[in-house]
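Chemist: Taking this note's numbering, I'd label the letters of the sequence shown as residues 651 to 828.
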Amino acid sequence: MKLGILREWLSLIQNNNEEGCDDVDIKKFTPEKRLCERDYVILDMLNSTPESVSFCITDPHQSDNPVIFISSGFTKLTGYEFNDIVGKNCRFLQGNETSPHDVKRISDALKSEKECSANLLNYKKNGTKFVNEFFLTQLRTPNQELAYFIGIQAAVENEGPGQMPSNPGWVYTLGNHV
């Protein structure tokens, strides 16, 4: 992941979501596992705007890769509180109209410990549909062992053609570059 692109994307989200954040309970993720320096930088950037950026952290070492953390922005975007979803897999955001192709792409990326992005249809707690520009990456230990997965969600107005990424260049790369 190119950190400059992530930093630019996060600043755009923060500028677009500044209104209405005063009453949000701000939570920051503190990893229990030691991470490589690159991933502490990513977390610092995300934790600097947790009320604006929707993200969740999962633990692939637990059964079914459950959610262990959600940002305040995740609650604001989806309506789900931490207690609603702790210990559950992120599949709860999927619904009848979510593309099986997109779900498979994300599943394959998880299995192969790769980054991916997708523009897919998801559902809020109240059942409302939203188009999710989703980015998945792994967080690794200093020895490059998988520690966590992080998913970043951004509501966008339109689905890309065939629910594929409408703008994969915003933060998508297959390498682990600093």
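Ideal placement from N, C-alpha and C gives every residue a C-beta, glycine not left out.
Remember, predicted model here, so these are calculated numbers, not experimental data.
Give the range of the beta strand (DSSP E) segment to which residue 790 is assigned.
Modeler: First-last of the beta strand (DSSP E) with residue 790: 779 to 790.
Chemist: For residue 800 and residue 788, I'd like the C-alpha separation in whole angstroms.
Modeler: Cα-Cα distance, rounded: 6 Å.
Chemist: At 4 residues or longer, what runs of the alpha helix (DSSP H) sit wholly inside the region 723 to 760?
Modeler: Listed in chain order, they are 732 to 735.
Chemist: Kindly indicate the opening and closing residues of the beta strand (DSSP E) around residue 703.
Modeler: Looking at the DSSP string, residue 703 is not in any beta strand (DSSP E), and its letter there is neither H nor E.
Chemist: Would you mind giving the Cβ-Cβ distance between residue 679 and residue 719, rounded to the nearest angstrom? I have them listed as a contact below 8 Å.
Modeler: Yes, they are in contact, since the Cβ atoms of residue 679 and residue 719 sit about 5 Å apart, within 8 Å.
Chemist: If you count every other CB in all the chains shown that lies within 10 Å of the CB of residue 793, and 16 or more means buried, which is it?
Modeler: With fewer than 16 other Cβ atoms within 10 Å, it is exposed.
Chemist: Leaving out the 5 sequence neighbours to the left and right, which residues in its chain are closer than 8 Å to residue 759 when beta-carbon positions are compared?
Modeler: Contacts found: 765, 766 and 786.
Chemist: What are the boundary residues of the beta strand (DSSP E) that includes residue 697?
Modeler: First-last for residue 697: 687 to 697, but that is the alpha helix (DSSP H), not the beta strand (DSSP E).
Chemist: Which residue marks the beginning of the beta strand (DSSP E) containing residue 799, and which one marks its end?
Modeler: 796 to 806 is the extent of the beta strand (DSSP E) around residue 799.
Chemist: Apart from the five residues on each side of it in sequence, which residues of its chain come closer than 8 Å, Cβ to Cβ, to residue 807?
Modeler: Result list for residue 807: 781, in chain order.
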